[in-house]
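Student: Here the protein sequences come in this chain order: A and B.
Quick note, this note's numbering runs 1372 ahead of the 1-based positions in the first sequence.
Quick note, this note's numbering runs 6 ahead of the 1-based positions in the second sequence.
All residues carry an ideal CB built from backbone N, CA and C; glycine is no exception.
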Amino acid sequence: DTAVSQTPKYLVTQMGNDKSIKCEQNLGHDTMYWYKQDSKKFLKIMFSYNNKELIINETVPNRFSPKSPDKAHLNLHINSLELGDSAVYFCASSPTGTGGRGYTFGSGTRLTVV
Amino acid sequence: LAKTTQPISMDSYEGQEVNITCSHNNIATNDYITWYQQFPSQGPRFIIQGYKTKVTNEVASLFIPADRKSSTLSLPRVSLSDTAVYYCLVGDPDSWGKFQFGAGTQVVVTP
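(1) What first and last residue would you give for the beta strand (DSSP E) that runs through A:GLN1409?
(2) Compare the C-alpha of A:GLU1425 against each of A:VAL1432, A:GLY1400, A:LYS1443 and name the closest.
(3) Assign A:GLN1378 to buried or exposed, taking buried as 16 or more other Cβ atoms, counted over all protein chains shown, within 10 Å of its Cβ.
(4) Is it the case that the segment 12–20 of chain B contacts the segment 106–117 of chain B, given that we only count it when at least three CB pairs across the two stretches are under 8 Å?
(5) Counting beta carbon pairs with one atom in the segment 1441–1458 of chain A and one in the segment 1386–1394 of chain A, are three or more of them shorter than 8 Å?
(6) On the three-state DSSP scale, how would you describe A:ASP1500?
(7) Throw me the rounded Cβ distance for the B:ASN31 and B:THR78 pair, which I believe falls under 8 Å.
(8) Looking only at C-alpha atoms, which of A:CYS1463, A:THR1385, A:GLY1478, A:SER1458 sits nearest to A:TYR1407?
(9) With DSSP as the reference, please indicate the residues paired to A:ARG1435 in a beta bridge.
(10) With the cut-off set at 8 Å, would you say A:MET1404 and A:LEU1455 are in Cβ contact?
(11) Can A:ASN1434 and A:PHE1419 be called in contact, C-beta distance under 8 Å?
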């Protein structure tokens, strides 16, 4: 199936731990994103990458480090997890220049920090 | 980023038309208006996008007045499967995903 796939779907971890979320798209898109959705359902852009290059880092704490080994993958590593990091994290991809029209989102990773 | 304001929730019966209005008073010249739909435990899914006047596709219509300070998503003859959260986004197509997602509108369709 063509899609944006994220793993894991659920992640429960203790404060202070380090965790990673993986994202892969097989749509041939050259731009990928990470969004954070908080408990009030607000979706906020965290990072965007175009052809493996960081384009946007939206004032995210440097505990969050994205890595794009190739344009089909954008992983998110989080160091020293805090309670406030609990949220649903969505990966998305799009062809360049589609301006919000062509975003395909993954099904999300629900991160719970205890 | 243009801030958007939508109703928190709307209820409807099957077969009715649902109209969701989004306010975006500080929309910029280069900004487009895009609507997404989100079901529980899924990522948002693109519905429709427009710049001005009216846009229609197989699932919805988007009405944008001349001043572009608001827009209305129209869902014709809704069914139970249209129960979802609907987001209005306003942003520049070249902004690399830097769209402002609001809190969305929870639409509940009942029989």
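Tutor: In terms of the structure at hand:
(1) A:GLN1409: member of the beta strand (DSSP E) spanning 1403–1409, first to last residue.
(2) The residue among A:VAL1432, A:GLY1400, A:LYS1443 with its C-alpha nearest the C-alpha of A:GLU1425 is A:LYS1443.
(3) Burial call: buried.
(4) With the cut-off at 8 Å, the segment 106–117 of chain B and the segment 12–20 of chain B touch.
(5) As far as the Cβ criterion goes, the segment 1386–1394 of chain A touches the segment 1441–1458 of chain A, which means the pair count is three or higher.
(6) In this structure chain A extends from 1373 to 1486, so residue 1500 of chain A is not present and cannot be described.
(7) No, B:ASN31 and B:THR78 are not in contact; Cβ-Cβ is about 15 Å, not under 8 Å.
(8) For the residues A:CYS1463, A:THR1385, A:GLY1478, A:SER1458, the minimum Cα distance to A:TYR1407 belongs to A:CYS1463.
(9) Its beta-bridge partners do not exist; DSSP assigns none.
(10) Contact: no.
(11) No, the Cβ-Cβ distance between A:ASN1434 and A:PHE1419 is not below 8 Å.
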